[in-house]
Structure formats: structure tokens, C-alpha cells
Amino acid sequence: MNQTIQELFDRKSVRAYSDEIITPEEKEWILKSALQAPTAGNMALYSIIDIQDQSLKDQLAITCDHQPFISQAPMVLLFLADYQKWYDIYTHYDKDIQPLEESDLILALEDCMIAAQNAVVAAWSLGIGSCYIGDILENFEIHQKLFDLPKYAIPATLLVLGKPTLQQQNRPKPQRFDLADMVSVNTYHHKTMDETKQMFIKQTGKNEDELKNYIQAFAKRKFHAQYRKEMNRSVKKMIESWK
């Protein structure tokens, strides 16, 4: 295992940050690394907003499902699925260009998330932790206005970064699923319920009786939660605004 692979295995979400600053040089390397990500047709269908205004961080800590650590992060990056620059230049030179469609949004989202992960990997190599905030998908109308977003720029993810506290450094990384449970050959493997249970038992370290309670609690916290209802509503608005 080389250093790059080891860092991928070691990296974990960081939600508490030390007082140590992220230097301008470190920030620049993180952002430059994001821009080196693979991208469809070298189009770079994304943009990044470096959120430095503390009042904006404070608002995001509320609108992204009330998570105070967002406002405490030294570095906050908003990654946008952004087709606007291409649509503008297309329509400038080609009057037959039609409005964008859902496939264009999905392609931009792919570009955007790949770039964000490049930033995450680069940051970790510099001793800087990060956490993805999927809740940026909530409250689309508020975020669209807050960041003055054009029609074809949609929030894909929020990334908060900072140097981890000792507690965060020592926190165990959650167990991932086994390779055999996640990779199939040539076609999709349709698991039996017993296979699915065993997959989760191995990942959680729980027995079958404990697993039932764990999954029910997880569903209550994630699937039945109010934030998920808001996220669904908000994403529908995103898609409507794109078309």
C-alpha cells in the first residue's frame, strides 16, 4: 500500500477544528487540486464559492439542518453544478442553442462531486480535515438568493474544512462495507434478505436482534426525518428551475 492509498483509507470526516489556521498557500493548493479533477470533455461543469463572510457561514449553519460546526469551520467551500458559463458562450456564438435539460444537470453534478473529492484528498494530505454537508440541498430558494446564483448553477455540496482537534484525530473511522458486498461482476447482484442482513451485520458489528433496532433507529433519523422532506421539496425546485 503506497502513501496515496493509505491516506484514502485513513481519511474520515472531521467536524471539530483546532485553532491552527489554514494558510493561504494550503487553501490555494486545495483549490488548485480541485480544478485538476477529471471532467466531462474538459468543460469543468462546476464552480466553487469560497465563503469567507462569517455571517454567511452562520446562515448556512442554520439552513443546512442546524449544524453549528459549519459556522466554526475555518474554510467553507460551496461547490456548484455550473453549466452557466458554457450556456452563455454557446448562445453567444450559436443562436440555435436550446434550454438545458436534466441530463446536463446530472453531468454537471458528476463533474462537481469529482472536483470536490479532489479537494478532500488534497486537504487530507496537508493535515486538513473536511466534512461534506449534503444538507446544502435543502432550502434551495434561500441559497439561490443568498449566493446570487444564475439559472444554471445549482448547489451540489458544501465542504467544510479545518485542522482536526486531537479528539477528531483519534476518533475511529466508521467501518465500511466489505468489498465482496459492494462489487459484482458484469451484472448487478440481487442479494437475498439473508445476504443483506449479513452485509449489515459485518459492517455494524451487531447481531441480528441488535440490527433490527439499529436499522429502525437509523430509518427514523434519516429516512423519516423532517430534513429529508425538505430536501426532497428543495431538489424538486432545483430541477424545475433548471428546465
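Counting from 1, position 23 in the sequence shown corresponds to residue 23 in UniProt numbering; the numbering is continuous, with no gaps.
Think of the CB as a built atom: it goes at the ideal place given N, C-alpha and C, for glycine as much as any other residue.
Query raised in the report: Grouping DSSP H, G and I as helix and E and B as strand, with all else coil, what is VAL160?
Result: Position 160 of the sequence shown, counting from 1, holds the residue named residue 160. Correct three-state label for VAL160: strand.
Requested in this report: Could you tell me the boundaries of the beta strand (DSSP E) in which LYS56 lies?
Outcome: Indexing the sequence shown from 1 puts residue 56 at position 56. In the sequence on display, residue 56 carries Leu and not Lys. From DSSP, LEU56 is part of no beta strand (DSSP E) but of the alpha helix (DSSP H) over 54-63.
**Report entry** Limits of the unbroken beta strand (DSSP E) element including MET75
**Finding:** If you number the sequence shown from 1, residue 75 lands on position 75. For MET75, the enclosing beta strand (DSSP E) stretches over residues 75-82.
Query - Pairwise C-alpha distance: ASP88 and ILE97 - result: As a first step, residue 97 is located in the sequence shown; it is residue number 97 there, counting from the start. As a first step, residue 88 is located in the sequence shown; it is residue number 88 there, counting from the start. Rounded to the nearest angstrom, the two C-alpha atoms are 10 Å apart.
Query raised in the report: Which of the three DSSP states, helix, strand or coil, is assigned to ALA122?
Result: Against the sequence shown, residue 122 aligns to sequence position 122. Looking at ALA122 - three-state DSSP - the assignment turns out to be helix.
Query raised in the report: Is GLN167 near GLN203, with beta carbons less than 7 Å apart?
Result: Here residue 167 corresponds to residue number 167 of the sequence shown, with the count starting at 1. Here residue 203 corresponds to residue number 203 of the sequence shown, with the count starting at 1. Against a cut-off of 7 Å, the Cβ pair of GLN203 and GLN167 comes out as no contact.
Query raised in the report: What are the complete alpha helix (DSSP H) segments, minimum 4 residues, inside the segment 177-218?
Result: Fully enclosed alpha helix (DSSP H) runs of 4 or longer: 179-182 and 193-204.
Query raised in the report: By how many angstroms is the C-alpha of TYR83 removed from the C-alpha of ILE114?
Result: Locating residue 114 in the sequence shown gives position 114, counting from the first residue. Locating residue 83 in the sequence shown gives position 83, counting from the first residue. Using only the alpha carbons, I get a separation of about 15 Å.
**Report entry** Coarse secondary structure for GLY127, derived from DSSP in three states
**Finding:** Numbered from 1 along the sequence shown, position 127 holds the residue referred to as residue 127. The answer is coil: DSSP assigns GLY127 none of H, G, I, E or B.
Report task. Locate the alpha helix (DSSP H) running through SER71, then write down its first and last residues. Result -> Taking the first residue of the sequence shown as 1, we reach residue 71 at position 71. The continuous alpha helix (DSSP H) containing SER71 extends over residues 69-72.
Query raised in the report: Who does PRO155 pair with in a DSSP beta bridge?
Result: Sequence index remark: in the sequence shown, residue 155 carries index 155 (1-based). Note: PRO155 sits in a beta bridge opposite LEU80.
Requested in this report: Compare the C-alpha of LYS212 against each of PHE223, LYS222 and PHE200 and name the closest.
Outcome: Translated into the one-based positions of the sequence shown, residue 212 becomes position 212. Closest option to LYS212, Cα to Cα, is PHE200.
Query - Rounded Cβ spacing between PHE69 and ARG15 (contact assumed at less than 8 Å) - result: Reading the sequence shown from its first residue, position 69 is the one you call residue 69. Reading the sequence shown from its first residue, position 15 is the one you call residue 15. Contact between PHE69 and ARG15 is confirmed by a C-beta separation of about 5 Å, below the 8 Å threshold.
Query raised in the report: When burial is assigned at 16 or more other CB atoms within 10 Å of the CB, is LYS27 buried or exposed?
Result: Residue 27 sits at position 27 when you count from the first residue of the sequence shown. Answer is buried; the Cβ neighbour count reaches 16.
Query raised in the report: At which residues does the alpha helix (DSSP H) containing SER241 begin and terminate?
Result: The count along the sequence shown starts at 1 and reaches residue 241 at position 241. Judged by DSSP secondary structure, SER241 falls within the alpha helix (DSSP H) whose first and last residues are 226-242.
Query raised in the report: Starting from SER33 and walking both ways along the alpha helix (DSSP H), at which residues does that stretch end?
Result: Translated into the one-based positions of the sequence shown, residue 33 becomes position 33. In the DSSP assignment, SER33 falls within the unbroken alpha helix (DSSP H) covering 24-35.
Report task. Provide the residue span of the alpha helix (DSSP H) that contains GLY97, from first to last. Result -> The residue you call residue 97 lines up with position 97 of the sequence shown. Reading the sequence as shown, one finds Ile at residue 97 and not Gly. That residue, ILE97, is in no alpha helix (DSSP H); it is neither H nor E in DSSP.
Query - Within 7 Å, strictly: CB atoms of THR157 and ALA116 - result: Taking the first residue of the sequence shown as position 1, residue 157 is located at position 157. Taking the first residue of the sequence shown as position 1, residue 116 is located at position 116. A contact, by the Cβ cut-off of 7 Å.
Query raised in the report: Along the chain, where does the beta strand (DSSP E) that runs through ILE48 open and close?
Result: Reading the sequence shown from its first residue, position 48 is the one you call residue 48. ILE48 -> beta strand (DSSP E) spans 46-51.
Query - Own chain partners of ALA34 with C-beta closer than 6 Å, once the 5 adjacent residues on each side are dropped - result: Numbered from 1 along the sequence shown, position 34 holds the residue referred to as residue 34. For ALA34, the CB contacts under 6 Å within the same chain, skipping 5 residues up- and downstream, are ALA115, ASN118 and ALA119 in chain order.
Query - Separation of MET75 from GLU25, as counted between CA atoms - result: Translated into the one-based positions of the sequence shown, residue 25 becomes position 25. Translated into the one-based positions of the sequence shown, residue 75 becomes position 75. So the two alpha carbons sit approximately 13 Å from each other.
Query raised in the report: Which of the three DSSP states, helix, strand or coil, is assigned to ILE136?
Result: Counting from one through the sequence shown, the residue named residue 136 turns up at place 136. Three-state result, ILE136: helix.
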